[in-house]
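First up is the structure itself, then whatever we jot down about it.
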Amino acid sequence: MLQVAVLADGRIHDEAAGVLSPRTRVGTTTGAVFKIGSITKIWTATLIRQLAHDGLPGLDDPVRDHLPGFRLSDPDATASLTTRRLLTHTSGIDGNHFTDTGHNDDAIERFVATLADEDHLLPPGTIFSYSNSGYVVPGRLVEVLRGRPFHDVLREHLVTPLGLTTVATNTYEAILHRAVVGHVDADGKLVPTKRWAVSYHAAPTGSYLAMTARDLEFVRLHLTDHTLAALREPQLDAVPGFAGGVLGWMLYRDGVVGHAGVSKGQKAFLRVAPSAGVAVAVLTDSAGGEPLAHEIITAALGDLAGVKTAPVCVPPANPVPIDANRMCGTYRTTLYDITLAVENGRAFLIYRARNELAQSFLGKPEDRVEVVRLNHSTIITAEPKFDGHQVLSLVGSDEHSRARFLHNGAAAYRIA
């Protein structure tokens, strides 16, 4: 099932198809609410921009100036981390902290406190490395500086002023609407998920916010309010193969901005061509909804804004060999040690779990994925999963001219 909405010439047109759940068979309408996943980060950045417009906090102020007691495990990172680094995913906070701090209004506060006990892998400003965990911190800034729980601030400062009657900021609001059930991969088959959301601490990053595609009205605010245009200004160079970082948004080719979001078996897509005043939202009930969404977005932006989107990446028919001297080696994240190696002329990514949580994700201590070279700085998985091929970039250079990072949106740093 899916919803599609298009904003063009100042008007919004929307359509829906399918059923909310294969169990209930209740039909999807344009009034059904889908979770938008990490598109929520644009909403969180907007709340921060509203605060900054009021003079607090400045984007380059140290976070600890506004969060009493804020601490990371690295004292230098604690002292230098700014809101700008958080909003551009250059905080260095690893994205894979999964501490469950419950579903109460103090969950965000409690989660931010746990960051003091987690390894801080990269100094702030080192490289773009997508971090869900890091985006919890701006949510906590919003709570402290507004004196209200995050979901209340969302409603009071964005949802209600914009008249968005179908936006749900938490589970209790979502069940008052036609709420969509997501689908997840289980042994190669898509099955309905049994959970709506994770711990409430993830609300600022994309765990709870649900809405209709027609709520593109939020995008209209960004196209008409000049104070929000700053959120679309490039802040850093793009990592090859990935969208560049701006403030909350992601920057794609030809000036298009947007975001994608995955949340408990639902996947959402938003693309905006600001110069043409055109926006497209595609909301799906499956983490495998990307190919259809890409087709819709490509057609809409091409017809209405004259923009060509990047093609879906597939392995080349005759790939050139992996550059073993530069690319091969072992790279580390909190969860995995990832080795890129060539064996008998074939290249593999070998994932080795570093802890029990990682092993539970893999289902075994080690996993091997065959890859081929896509271009001079990227590799691509040889076989697709249900959501397509995965592209990874080899970024930076160490003193031996080897890549410093293996990058799939988040950065793994070289250890060997």
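With this note's numbering, the residue at position 163 of the sequence shown is 158, and numbering never jumps. From the three backbone atoms N, C-alpha and C, an ideal C-beta is built for every residue, glycine too.
Can you name, in chain order, every residue of its own chain whose Cβ lies under 8 Å from the Cβ of L413, other than the five neighbours on each side? In the structure as shown, the chain starts at -4 and stops at 411, and residue 413 therefore has no counterpart that could be examined.
Spatial neighbours of T24 within its chain, please: CB distance less than 7 Å, with the 5 preceding and 5 following residues excluded, ordered by chain position. A11 and R173.
Please give me, in chain order, every unbroken run of the alpha helix (DSSP H) with length at least 4 that falls completely inside the stretch 263 to 339. Within the stretch 263 to 339, the complete alpha helix (DSSP H) runs of at least 4 residues are 285 to 300 and 319 to 322.
Residues that I374 bridges to, as DSSP identifies them: Looking at the DSSP assignment, I374 forms a beta bridge with R368 and L387.
Contact under 7 Å by Cβ, S412 with A405: Limits of the chain in this structure are -4 at one end and 411 at the other, which puts residue 412 out of reach.
Helix or strand or just coil, what does DSSP make of I37? Of the three classes helix, strand and coil, the one that applies to I37 here is helix, per DSSP.
According to DSSP, is V186 part of a helix, a strand, or is it coil? Strand, per DSSP.
Residues near D9 by beta carbon distance below 6 Å, same chain, minus five either side: Residues A0, T25, A208 and R209 of the same chain have their beta carbon placed closer than 6 Å to that of D9, with the five preceding and five following residues left out of the count.
Residue interval of the beta strand (DSSP E) (run including D60): From DSSP, D60 is part of no beta strand (DSSP E); its letter is neither H nor E.
DSSP beta-bridge partners for R341? Beta bridge pairing from DSSP links R341 with E338.
Taking all protein chains shown into account, do 16 or more other C-beta atoms lie within 10 angstroms of the C-beta of L387, making it buried, or fewer, making it exposed? Note on L387: 16 or more other CB atoms within 10 angstroms of its CB, so buried under the neighbour-count rule.
Span separating the alpha-carbon of L116 from that of R18: One C-alpha to the other measures close to 44 Å.
Compute the Euclidean distance between the alpha carbons of P119 and R397, then round it to the nearest angstrom. If I take the Cα positions, the gap works out to 22 Å.
Less than 7 Å between the beta carbons of T35 and G201, yes or no? Here T35 is near G201, since their CB atoms are less than 7 Å apart.
According to DSSP, simplified to helix, strand and coil, what is E104? Helix, per DSSP.
When DSSP labels each residue in this structure, what does I170 get in the three-state scheme? Looking at I170 - three-state DSSP - the assignment turns out to be coil, as it is neither helix nor strand.
Quick check: R368 and I410, are their CB atoms within less than 7 Å of each other? No, these two residues do not count as a Cβ contact at 7 Å.
Is DSSP giving L357 helix, strand or coil here? Residue state for L357 is assigned as helix, using DSSP reduced to three classes.
Pair every Cβ in the stretch 249 to 259 with every Cβ in the stretch 30 to 47, then say whether three or more of these pairs are closer than 8 Å. Yes, the stretch 249 to 259 is in contact with the stretch 30 to 47.
What's the C-alpha gap between Y408 and S16? Approximately 41 Å between the Cα atoms of the pair.
Contact belief for L357 with F93 at Cβ below 8 Å, rounded distance in angstroms: Actually they do not touch by this definition, with Cβ atoms about 15 Å apart.
Beta-bridge pairing of E10 - partner residues as DSSP gives them: Partner(s): V(-1).
Straight-line Cα distance separating E290 from L136: Rounded to whole angstroms, L136 to E290 spans 38 Å at the Cα level.
Touching by the beta-carbon criterion (3+ pairs, under 8 Å), the stretch 56 to 69 and the stretch 95 to 105: Taking 8 Å as the limit for Cβ pairs, the verdict is that the stretch 95 to 105 does not touch the stretch 56 to 69.
Alpha-carbon spacing of L82 relative to P133, whole angstroms: Counting only the Cα atoms, P133 lies some 8 Å from L82.
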